[in-house]
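Engineer: Before I ask anything, here is the structure I am working with.
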Amino acid sequence: MTFRRFALLGFIIAVAPHGAEAQVSPRGATDVGKTQTLPSSTRYVPPADRRPAQFPAGWRFPAGRAPVVAKHAMVVSDAPIASAVGADIMRRGGNAVDAAVATAFALAVAYPEAGNIGGGGFMVIHLADGRNAAIDYREVAPLAASRDMYIGPDGKMTDQSIVGPLASGVPGAVAGLTAVLARYGTMSRARVMQPAIRLAEEGFVVDSAFSQRTKDYLERLGKFAGGATFAPNGQPLPVGAVVKQPALARTLRAIARSGRKAFYEGPIAEAWASELAQAGGIITIEDLRRYEPQWRTPIRSSYRGRTLLTMPPSSSGGITMTESLNILEGFDTLPPFGSTRWAHLVGSTFQRAFVDRNAKLGDPAFVKVPLTQLTDKRYAATLRATIGATRATPTSSLAAIKEGTQTTHVSVADARGNAVAMTTTLNELYGSGVYVASAGFFLNDEMDDFTSQPGVPNMFGLVQGEANAIQPGKRMLSAMSPTIVLDSRGRVLLVVGSRGGPRIITSTTQVVLNVLDHRMTLADAMSAPRLHHQALPDTLRLEPNGFTPAVNDSLQAMGYATSVGGAVGQVNAIMRVPGGFEGVADPRGSGRPVGY
Numbered sequence: 057m058t059f060r061r062f063a064l065l066g067f068i069i070a071v072a073p074h075g076a077e078a079q080v081s082p083r084g085a086t087d088v089g090k091t092q093t094l095p096s097s098t099r100y101v102p103p104a105d106r107r108p109a110q111f112p113a114g115w116r117f118p119a120g121r122a123p124v125v126a127k128h129a130m131v132v133s134d135a136p137i138a139s140a141v142g143a144d145i146m147r148r149g150g151n152a153v154d155a156a157v158a159t160a161f162a163l164a165v166a167y168p169e170a171g172n173i174g175g176g177g178f179m180v181i182h183l184a185d186g187r188n189a190a191i192d193y194r195e196v197a198p199l200a201a202s203r204d205m206y207i208g209p210d211g212k213m214t215d216q217s218i219v220g221p222l223a224s225g226v227p228g229a230v231a232g233l234t235a236v237l238a239r240y241g242t243m244s245r246a247r248v249m250q251p252a253i254r255l256a257e258e259g260f261v262v263d264s265a266f267s268q269r270t271k272d273y274l275e276r277l278g279k280f281a282g283g284a285t286f287a288p289n290g291q292p293l294p295v296g297a298v299v300k301q302p303a304l305a306r307t308l309r310a311i312a313r314s315g316r317k318a319f320y321e322g323p324i325a326e327a328w329a330s331e332l333a334q335a336g337g338i339i340t341i342e343d344l345r346r347y348e349p350q351w352r353t354p355i356r357s358s359y360r361g362r363t364l365l366t367m368p369p370s371s372s373g374g375i376t377m378t379e380s381l382n383i384l385e386g387f388d389t390l391p392p393f394g395s396t397r398w399a400h401l402v403g404s405t406f407q408r409a410f411v412d413r414n415a416k417l418g419d420p421a422f423v424k425v426p427l428t429q430l431t432d433k434r435y436a437a438t439l440r441a442t443i444g445a446t447r448a449t450p451t452s453s454l455a456a457i458k459e460g461t462q463t464t465h466v467s468v469a470d471a472r473g474n475a476v477a478m479t480t481t482l483n484e485l486y487g488s489g490v491y492v493a494s495a496g497f498f499l500n501d502e503m504d505d506f507t508s509q510p511g512v513p514n515m516f517g518l519v520q521g522e523a524n525a526i527q528p529g530k531r532m533l534s535a536m537s538p539t540i541v542l543d544s545r546g547r548v549l550l551v552v553g554s555r556g557g558p559r560i561i562t563s564t565t566q567v568v569l570n571v572l573d574h575r576m577t578l579a580d581a582m583s584a585p586r587l588h589h590q591a592l593p594d595t596l597r598l599e600p601n602g603f604t605p606a607v608n609d610s611l612q613a614m615g616y617a618t619s620v621g622g623a624v625g626q627v628n629a630i631m632r633v634p635g636g637f638e639g640v641a642d643p644r645g646s647g648r649p650v651g652y
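Numbered as in my numbering, the sequence shown ends at 652 without a single skipped number.
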């Protein structure tokens, strides 16, 4: 058995593939570079209640892949070093909330294209004593924002909601993370943030995935100050380069010392607000001072005897997932995975849920959201009745509709029975591209998630309604879907969430279906081919080689416009199994589970 080692940040991280245990050791317990004695691997044996999966020939992720297993605790994130930070926090006595916050700040350093302090997110929490909580630290529109601010003189949309200083909402990440740590954490801010501070000071090593993502966004990086750090001389950083971020380290140290005030008030806030204003931005010190995260009650629903805890608005993910699962629960059993009828029922379900999502959802502080109706199983039954047995339904006949891809998700579970599902984002990779050089972070481009012009899709192709129109101080609608599934005894069964714009909702839901309906192992549930339907455009999207040509032909004969191309989401998940936890990072990405 070979183990991939990362000697950074004072940790030796041994990430064990194929079902072996993933360990984290602090520097000092074992000298860096010395050989560690690691547990010998054993052949992975799936839990007895799981069934072997079968995927089409040519599908790039074969069935039977093994998860990472751990006895006590697990973290899965999009950066291996960040997962290791969270796992080590729990190994040293912290709980899942401490670990989630530590992982989030580490992602702000080692995954700067999506992990952040210049964006926002959502967190769903289940505590071992049975309490549940959710916190909404989504960005808000600046006070100077206006409904038509992205419409040019010719009446057409500009790109200013996507790139540049006007694209950013007021960041909520620092306020949200510090608030949740204060309420439910057990460790001090300084202790939880120290690994991220050291990582910013000492640097992280560029891997091939990070180098490629930087290459893909060279044009955006080259327009702003971040290019000097992440794309010097207009070229992506090579694999093996070490990225040090002293300005970010200073900012994180100030937050560790003074909390949210360090970011939203005082010299750091004044410096970065001034820097943004000079570039043409409209976020002011007053915007920063006014920002507050919102504590919310998780949506609690049931599916086939299990309890789901999901995020309410301003996230649309929880409502849309719940509506979808309520529709599908009305079928006694789902058709065989990957069959024409399976794709028809699941795709039609997503189509109907997205019709409601796009037209009816927005910030509950500004619009009346019909939460009770949309999550009611009786309402789902009326939608289920509109799904024909042999024909697709045009979106235009379902409702008269009047009118964000690069997030990062963290799943955490600890030995005490606590769990955290957290999704955070800048929206597109590297957000607006604007890099606050004085403080060392990228700003989001979340303003594109508003309905800027009726009938005009945003960068994800979503055509949204009046409920999501721009207003000062308003939270833009999100697809983020952090979810915790409890078993029939109220114990954590699954901690799951995804990145991928609107595909977050459909990818997360499909992993839940694969685990609960198709009884796949967690690794197979994550590897399985996916589809996506978001109502508009009225297209059923299939992952390449994930469905047989015969299924595609049959769907088209039923009246679907199908498209093939691109991954549907990038999920990170943990499943409780006898004796511990299984952790799986989506093979579509470069994340990694770490546990102990």
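Each residue gets a CB set at the ideal place from its N, CA and C atoms; glycine is no exception.
From a predicted model like this one, the values you see are computed outputs, not experimental measurements.
Alpha carbons only, please: which of A201, A641, R107 is nearest the one belonging to I526?
Structural biologist: For the purposes of this step, residue 526 is identified with residue 470 of the sequence shown, where counting begins at 1. Considering only alpha carbons, the answer is A201.
Engineer: Look up R632 in the DSSP assignment and say whether it is helix, strand or coil.
Structural biologist: Locating residue 632 in the sequence shown gives position 576, where the first residue counts as 1. DSSP places R632 in strand when its eight states are reduced to three.
Engineer: Taking the alpha-carbon of A140 as reference, which of S467, G557, M367, P221 has the nearest alpha-carbon?
Structural biologist: Position 84 of the sequence shown holds residue 140. Among S467, G557, M367, P221, the Cα nearest to that of A140 is on S467.
Engineer: By the three-class DSSP mapping on this structure, what secondary structure does W351 have?
Structural biologist: In the sequence shown, counting from the first residue as 1, residue 351 sits at position 295. Of the three classes helix, strand and coil, the one that applies to W351 here is strand, per DSSP.
Engineer: For I173 versus V230, is the C-beta distance shorter than 8 Å?
Structural biologist: One-based indexing of the sequence shown puts residue 173 at position 117. One-based indexing of the sequence shown puts residue 230 at position 174. In contact: I173 and V230 (Cβ atoms closer than 8 Å).
Engineer: Going along the chain, which unbroken runs of the alpha helix (DSSP H) with 4 or more residues stay wholly within the stretch 221–263?
Structural biologist: 229–240, 245–258
Engineer: Return the residue from the list S358, A287, K212 that minimises the CA-CA distance to S544.
Structural biologist: If you number the sequence shown from 1, residue 544 lands on position 488. Of the candidates S358, A287, K212, the one whose C-alpha sits nearest the C-alpha of S544 is S358.
Engineer: Residues in its own chain within less than 6 Å of D573 by CB, not counting five upstream and five downstream?
Structural biologist: Numbered from its first residue, the sequence shown carries residue 573 at position 517. Same-chain partners within the cutoff: L390.
Engineer: Would T353 be called buried (16 or more neighbouring beta carbons within 10 Å of its own) or exposed?
Structural biologist: Along the sequence shown, read from residue 1 onward, the residue named residue 353 stands at position 297. That one is exposed.
Engineer: Is it right to say Q291 is buried, meaning 16 or more other beta carbons lie within 10 angstroms of its own, or is it exposed?
Structural biologist: As a first step, residue 291 is located in the sequence shown; it is residue number 235 there, counting from the start. So Q291 ends up on the exposed side.
Engineer: Below 6 Å CB to CB, which residues in the same chain sit around I145 once its five sequence neighbours on both sides are set aside?
Structural biologist: Along the sequence shown, one-based indexing puts residue 145 at 89. Result list for I145: D154, A155, A158, in chain order.
Engineer: Roughly how many angstroms lie between the CA atoms of V541 and A164, to the nearest whole one?
Structural biologist: For the purposes of this step, residue 541 is taken as the residue at position 485 of the sequence shown. For the purposes of this step, residue 164 is taken as the residue at position 108 of the sequence shown. Straight-line Cα distance between these residues: approximately 27 Å.
Engineer: Mapping the DSSP letters down to three states, classify L569 as helix, strand or coil.
Structural biologist: Within the sequence shown, residue 569 is the residue found at index 513, counting from 1. In this structure, L569 counts as helix in the three-state DSSP scheme.
Engineer: With DSSP collapsed to three states, give me the class of G403.
Structural biologist: Here the question's residue 403 lines up with position 347 in the sequence shown. In the structure shown, G403 sits in a helix (DSSP, three-state: H, G or I).
Engineer: Using the DSSP secondary-structure output, state which residues sit across from L659 in a beta bridge.
Structural biologist: The first residue shown for the chain is 57 and the last is 652, placing residue 659 beyond what the model contains.
Engineer: Would you mind reading off the limits of the beta strand (DSSP E) that contains N188?
Structural biologist: Sequence index remark: in the sequence shown, residue 188 carries index 132 (1-based). Run containing N188: 188–193, per the beta strand (DSSP E) assignment.
Engineer: In chain order, what residues of the same chain have a beta carbon less than 6 Å from the beta carbon of T32, not counting five sequence neighbours either side?
Structural biologist: With the chain represented from 57 up to 652, any question about residue 32 goes unanswered, as that position is not in the structure.
Engineer: Can you tell me which of the three DSSP states F637 falls into?
Structural biologist: On the sequence shown, residue 637 is found 581 positions in, with the first residue counted as 1. Note: F637 maps to strand in three-state DSSP.
Engineer: So V552 is in the beta strand (DSSP E); what residue range does that whole segment cover?
Structural biologist: Residue numbering aside, residue 552 sits at position 496 when the sequence shown is read from its first letter. Here the beta strand (DSSP E) through V552 covers 548–555.
Engineer: Measure the alpha-carbon distance for D272 versus G645 and round it to whole angstroms.
Structural biologist: The residue you call residue 272 lines up with position 216 of the sequence shown. The residue you call residue 645 lines up with position 589 of the sequence shown. Taking the straight line joining both Cα atoms gives about 15 Å.
Engineer: So, with DSSP's three-state summary, where would you put M503?
Structural biologist: Here the question's residue 503 lines up with position 447 in the sequence shown. Here M503 sits in helix by DSSP.
Engineer: Tell me whether I526 sits in a helix, a strand or coil according to DSSP, three-state version.
Structural biologist: In the sequence shown, the residue the question calls residue 526 occupies position 470. Reduced to three states, the DSSP call for I526 is coil.
Engineer: State the Cα-Cα distance for the pair M205 and P108, rounded to the nearest angstrom.
Structural biologist: As a position in the sequence shown, residue 205 is number 149, starting the count at 1. As a position in the sequence shown, residue 108 is number 52, starting the count at 1. If you take the alpha carbons of M205 and P108, they lie about 53 Å apart.
Engineer: Who does Y491 pair with in a DSSP beta bridge?
Structural biologist: Translated into positions along the sequence shown, residue 491 becomes position 435. In DSSP, Y491 forms a bridge with F498.
Engineer: Can you tell me whether N570 is buried or exposed, with buried defined as 16 or more other CB within 10 angstroms of its CB?
Structural biologist: The residue labelled residue 570 in the question sits at position 514 within the sequence shown. Flag for N570 reads buried.
Engineer: Measure from the alpha carbon of G150 to the alpha carbon of each residue in Q110, M213, R245, T577, then state which is nearest.
Structural biologist: Residue numbering aside, residue 150 sits at position 94 when the sequence shown is read from its first letter. Selected option, being the one with the closest Cα: R245.
Engineer: Please report how far the alpha carbon of T446 lies from the alpha carbon of A617, in whole angstroms.
Structural biologist: The residue given as residue 446 occupies position 390 in the sequence shown. The residue given as residue 617 occupies position 561 in the sequence shown. Distance between the alpha carbons of T446 and A617 is about 15 Å.
Engineer: What does the Cβ neighbour count give for T481, buried or exposed, with the cut at 16 atoms within 10 Å?
Structural biologist: For this step, residue 481 is matched to residue 425 along the sequence shown. Burial call: buried.
Engineer: Name the two residues that bound the continuous alpha helix (DSSP H) containing R597.
Structural biologist: Counted from its first residue, the sequence shown places residue 597 at position 541. Taken as a continuous stretch (DSSP letters only), R597 belongs to no alpha helix (DSSP H), being part of the beta strand (DSSP E) at 596–598.
Engineer: I believe T363 touches D594 by the beta-carbon criterion, under 8 Å. Please report the beta-carbon distance rounded to the nearest angstrom.
Structural biologist: By 1-based counting over the sequence shown, the position of residue 363 is 307. By 1-based counting over the sequence shown, the position of residue 594 is 538. The pair is not a contact, with the Cβ atoms about 34 Å apart (cut-off 8 Å).
Engineer: Determine the DSSP secondary structure at A162, reduced to helix, strand or coil.
Structural biologist: Taking the first residue of the sequence shown as position 1, residue 162 is located at position 106. It is helical.
Engineer: Given 8 Å as the limit, is there contact between the stretch 488–496 and the stretch 183–195, that is, 3 or more CB pairs closer than that?
Structural biologist: Counting Cβ pairs under 8 Å, fewer than three are found: no touch.
Engineer: Based on DSSP bridge pairs, tell me the residues matched to Q626.
Structural biologist: Position 570 of the sequence shown, counted from the first residue, corresponds to residue 626. Note: Q626 sits in a beta bridge opposite R555.
Engineer: Between which two residues does the alpha helix (DSSP H) carrying I324 extend?
Structural biologist: Working through the sequence shown from its first residue, we reach residue 324 at position 268. Start and end: 322–334.
Engineer: With L578 as the anchor, note down where its alpha helix (DSSP H) starts and where it stops.
Structural biologist: To locate residue 578, count along the sequence shown from 1; it is residue 522. Unbroken alpha helix (DSSP H) run through L578: 578–583.
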